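**Student:**
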């Protein structure tokens, strides 16, 4: 830690680090601006649609940026450029470098060859990549390179955590998944650090492969950064856990229960009263007369067919009870849906 603080005290020592993490810094600045825009939209009550528009625009920009990085800006790999497996000895690498065409090799090959005079630096190259080995000019031991690579990776994960905060901001129906998104990022970071530190490089050197540990783990990290925001946004809204929404839902369900009881009592009152039964029968005859007239009109025939309503049902008390039960069921489902979508969705 003291060694790291001594580097931070001099800006010239950390300038290569600032150059290597400029992408993460730009992402952090962009996410800060987007977060401020979201807070402004919420305070001005600009509406749910504007918040969703900002979130989806952010996800689209992140998707395009990560895909561009994966496809057009892969990490430099000397072994792949030379077509040499990881177990190739340094003198053979030097011979392949001299035989390679100009422009076919990554940058800094002369400085890289000077680093490769130490066996430990080959291990660092395979674990932490081309950029870390070349850009950390003041690093001399493996511990220095570990600290240098750690800062850049932490900044990238911090920027992605800020993006998860933006994607799961209140008003997007994804706020419930914010801890799970942060947990996924933390698990990915710990797994990447563990695999970087514990991978057996000697076993890889016996395999006929040109893919370094850094290249493999960086690709997994980029896939996580690409997929996680999209998944968090597309997941269905979770059950609201706040007490205010639950109280509102229960009050609406109690109101619905009272209305259903009133409908049942009204139907029972109609069944007991001969006057009400006559009025119900007269109403049914009047409705059927109007329907017969509607069927005779060509302009209304198609509309009636599209509604697919069975108008042949008689208006007997039994049929009325069937219709009442169906209407009660539909009213119950509609009220439950309305009660549970007040500010939140299931």
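Numbering (the working numbering), first residue to last: -14 to 331. For glycine and all other residues, C-beta sits at the position ideal for the given N, C-alpha and C. Fair warning: this is a prediction, and the values are worked out from it, not measured in the lab.
Measure how close the beta-carbons of residue 211 and residue 49 come, nearest whole angstrom, since I'm counting them as under 8 Å.
**Tutor:** Start at 1 with the first residue of the chain shown, and residue 211 comes out as number 226. Start at 1 with the first residue of the chain shown, and residue 49 comes out as number 64. About 10 Å; that fails the 8 Å criterion.
**Student:** Does the Cβ-Cβ distance between residue 158 and residue 222 come in under 8 Å?
**Tutor:** If you number the chain shown from 1, residue 158 lands on position 173. If you number the chain shown from 1, residue 222 lands on position 237. Yes, they are a contact pair.
**Student:** Round the Cβ separation of residue 92 and residue 61 to the nearest angstrom and send it over; I've been treating them as touching at under 8 Å.
**Tutor:** As a working mapping, residue 92 is identified with position 107 in the chain shown. As a working mapping, residue 61 is identified with position 76 in the chain shown. That pair is a contact at about 7 Å.
**Student:** What runs of the alpha helix (DSSP H), each 4 residues or longer, lie entirely inside the stretch 59 to 111?
**Tutor:** The qualifying runs are 63 to 67, 75 to 84, 94 to 100.
**Student:** For residue 127 versus residue 109, is the C-beta spacing smaller than 8 Å?
**Tutor:** Here residue 127 refers to the residue found at position 142 of the chain shown. Here residue 109 refers to the residue found at position 124 of the chain shown. For residue 127 and residue 109, yes; Cβs fall inside 8 Å.
**Student:** With 16 other CB atoms within 10 Å as the buried threshold, where does residue 251 fall?
**Tutor:** Numbered from its first residue, the chain shown carries residue 251 at position 266. Exposed: under 16 other Cβ atoms inside 10 Å.
**Student:** Whose C-alpha, out of 74, 215, 120, 151, is nearest the C-alpha of residue 104?
**Tutor:** Locating residue 104 in the chain shown gives position 119, where the first residue counts as 1. Checked all of 74, 215, 120, 151; the closest Cα to residue 104 is 74.
**Student:** Who are the Cβ neighbours of residue 296 in its own chain at under 7 Å, not counting the five residues just before and after it?
**Tutor:** Stepping through the chain shown from its first residue, residue 296 is reached at position 311. Because residue 296 sits at a pLDDT of 45, beneath the cut-off of 50, its placement in the model cannot be relied upon, and the following sentence gives the value as read from the coordinates. Excluding positions up to five away in sequence, the list reads 276.
**Student:** If you count every other CB in all the chains shown that lies within 10 Å of the CB of residue 87, and 16 or more means buried, which is it?
**Tutor:** Along the chain shown, one-based indexing puts residue 87 at 102. Residue 87 should be labelled exposed.
**Student:** Using beta-carbon positions only, say whether residue 203 and residue 153 come within less than 8 Å of one another.
**Tutor:** Residue 203 sits at position 218 when you count from the first residue of the chain shown. Residue 153 sits at position 168 when you count from the first residue of the chain shown. No, the pair does not count as a contact, with Cβ atoms beyond the cut-off.
**Student:** Going by DSSP in three states, residue 196 sits in which element: helix, strand or coil?
**Tutor:** Taking the first residue of the chain shown as 1, we reach residue 196 at position 211. Three-state DSSP puts residue 196 in coil, outside helix and strand.
**Student:** For the pair the stretch 158 to 168 and the stretch 131 to 141, tell me if three or more CB-CB distances fall below 8 Å.
**Tutor:** No: the two stretches stay apart, fewer than three of their Cβ pairs being nearer than 8 Å.
**Student:** Rank 184, 80, 238, 249 by C-alpha distance to the C-alpha of residue 67 and give the top, closest one.
**Tutor:** In the chain shown, residue 67 corresponds to position 82, counting from 1. The shortest C-alpha separation from residue 67 is found at 80.
**Student:** Buried or exposed for residue 71, going by 16 or more other Cβ atoms inside 10 Å?
**Tutor:** Your numbering for residue 71 matches position 86 in the chain shown. Buried, by the Cβ-count rule.
**Student:** Got a sec? Which residues, its chain only, sit under 7 Å from residue 115 by beta carbon, not counting five neighbours each side?
**Tutor:** Taking the chain shown and counting its residues from 1, one reaches residue 115 at position 130. Closer than 7 Å at the Cβ level, and outside the excluded window around residue 115, lie 60, 61, 62, 63, 91.
**Student:** How long is the line joining the alpha carbons of residue 199 and residue 120, rounded to whole angstroms?
**Tutor:** Stepping through the chain shown from its first residue, residue 199 is reached at position 214. Stepping through the chain shown from its first residue, residue 120 is reached at position 135. Each residue's Cα considered, the two are about 15 Å apart.
**Student:** Around the C-beta of residue 9, are 16 or more other C-beta atoms found within 10 angstroms, so that it is buried, or is it exposed?
**Tutor:** Translated into positions along the chain shown, residue 9 becomes position 24. Residue placement at residue 9 is poorly supported in this model, since its pLDDT is 49, which falls under 50; the coordinates still yield a value, given next. Residue 9 is buried by the Cβ-count criterion.
**Student:** Answer with buried or exposed for residue 327, where buried requires no fewer than 16 other C-beta atoms within 10 angstroms of its C-beta.
**Tutor:** Counting from 1 along the chain shown, the entry for residue 327 is found at position 342. A caution first: residue 327 carries a pLDDT of 47, below 50, which makes its placement in the model too unreliable to give a value.
**Student:** In this structure, how does DSSP classify residue 221 when only helix, strand and coil are distinguished?
**Tutor:** On the chain shown, residue 221 is found 236 positions in, with the first residue counted as 1. Of the three classes helix, strand and coil, the one that applies to residue 221 here is coil, per DSSP.
**Student:** Hey, residue 43 and residue 117: beta-carbon distance below 8 Å or not?
**Tutor:** Working through the chain shown from its first residue, we reach residue 43 at position 58. Working through the chain shown from its first residue, we reach residue 117 at position 132. The answer is no: Cβ separation not under 8 Å.
**Student:** What distance in whole Å lies between the Cβ atoms of residue 146 and residue 167, which are believed to be in contact at a cut-off of 8 Å?
**Tutor:** As a working note, residue 167 is residue 182 in the chain shown. As a working note, residue 146 is residue 161 in the chain shown. Contact flag correct, Cβ pair sits at about 6 Å.
**Student:** Answer yes or no: do residue 133 and residue 170 have a C-beta to C-beta separation smaller than 8 Å?
**Tutor:** The residue you call residue 133 lines up with position 148 of the chain shown. The residue you call residue 170 lines up with position 185 of the chain shown. Not in contact: residue 133 and residue 170 (Cβ atoms no closer than 8 Å).
**Student:** From the DSSP output, in three-state form, read off residue 169 for me.
**Tutor:** Walking along the chain shown from the start, residue 169 turns up at place 184. Here residue 169 sits in helix by DSSP.
**Student:** Do residue 214 and residue 272 have their CB atoms nearer than 8 Å?
**Tutor:** The residue you call residue 214 lines up with position 229 of the chain shown. The residue you call residue 272 lines up with position 287 of the chain shown. No, the Cβ-Cβ distance between residue 214 and residue 272 is not below 8 Å.
**Student:** Run the CB neighbour count on residue 47, radius 10 Å, all protein chains shown included, and call it buried at 16 or more, exposed below.
**Tutor:** On the chain shown, residue 47 is found 62 positions in, with the first residue counted as 1. Counting Cβ neighbours within 10 Å, residue 47 comes out buried, since at least 16 surround it.
**Student:** Between the Cα of residue 40 and the Cα atoms of 219, 264, 83, 236, which residue gives the shortest distance?
**Tutor:** Translated into the one-based positions of the chain shown, residue 40 becomes position 55. For the residues 219, 264, 83, 236, the minimum Cα distance to residue 40 belongs to 219.
**Student:** Confirm, please, whether the CB-CB distance from residue 56 to residue 207 is below 8 Å.
**Tutor:** Start at 1 with the first residue of the chain shown, and residue 207 comes out as number 222. Start at 1 with the first residue of the chain shown, and residue 56 comes out as number 71. No, Cβ-Cβ distance for residue 207 and residue 56 is not below 8 Å.
**Student:** Buried or exposed for residue 270, please, with buried defined as at least 16 other CB atoms from any protein chain shown within 10 angstroms of its CB.
**Tutor:** Here the question's residue 270 lines up with position 285 in the chain shown. The residue in question, residue 270, is exposed, as its Cβ has fewer than 16 Cβ neighbours within 10 Å.
**Student:** Check whether the Cβ atoms of residue 69 and residue 194 lie closer than 8 Å to each other.
**Tutor:** The residue you call residue 69 lines up with position 84 of the chain shown. The residue you call residue 194 lines up with position 209 of the chain shown. Not closer than 8 Å, so no.
**Student:** How many angstroms separate the CA atom of residue 265 from the CA atom of residue 244?
**Tutor:** Taking the chain shown and counting its residues from 1, the one referred to as residue 265 is at position 280. Taking the chain shown and counting its residues from 1, the one referred to as residue 244 is at position 259. Using only the alpha carbons, I get a separation of about 21 Å.
**Student:** On a CA-only basis, which of 261, 83, 111, 102 is nearest residue 184? Give me that one, please.
**Tutor:** For the purposes of this step, residue 184 is taken as the residue at position 199 of the chain shown. Residue 184 has its Cα closest to that of 111, out of 261, 83, 111, 102.
**Student:** When the Cα atoms are used, what is the spatial distance from residue 267 to residue 242?
**Tutor:** Taking the chain shown and counting its residues from 1, one reaches residue 267 at position 282. Taking the chain shown and counting its residues from 1, one reaches residue 242 at position 257. Whole-angstrom Cα-Cα distance: 30 Å.
**Student:** Does DSSP classify residue 122 as helix, strand or coil?
**Tutor:** Within the chain shown, numbered from 1, the residue matching residue 122 stands at position 137. The answer is coil: DSSP assigns residue 122 none of H, G, I, E or B.
**Student:** Between 125, 238, 113, which lies nearest to residue 180 when the distance is taken from Cα to Cα?
**Tutor:** As a working mapping, residue 180 is identified with position 195 in the chain shown. With distances taken between Cα atoms, residue 180 lies closest to 113.
**Student:** Note down the Cα distance separating residue 129 from residue 201, rounded to an integer number of angstroms.
**Tutor:** The residue given as residue 129 occupies position 144 in the chain shown. The residue given as residue 201 occupies position 216 in the chain shown. Rounded to the nearest angstrom, the two C-alpha atoms are 22 Å apart.
**Student:** Give me the Cα-Cα distance between residue 174 and residue 144, rounded to the nearest whole angstrom.
**Tutor:** On the chain shown, residue 174 is found 189 positions in, with the first residue counted as 1. On the chain shown, residue 144 is found 159 positions in, with the first residue counted as 1. If I take the Cα positions, the gap works out to 13 Å.
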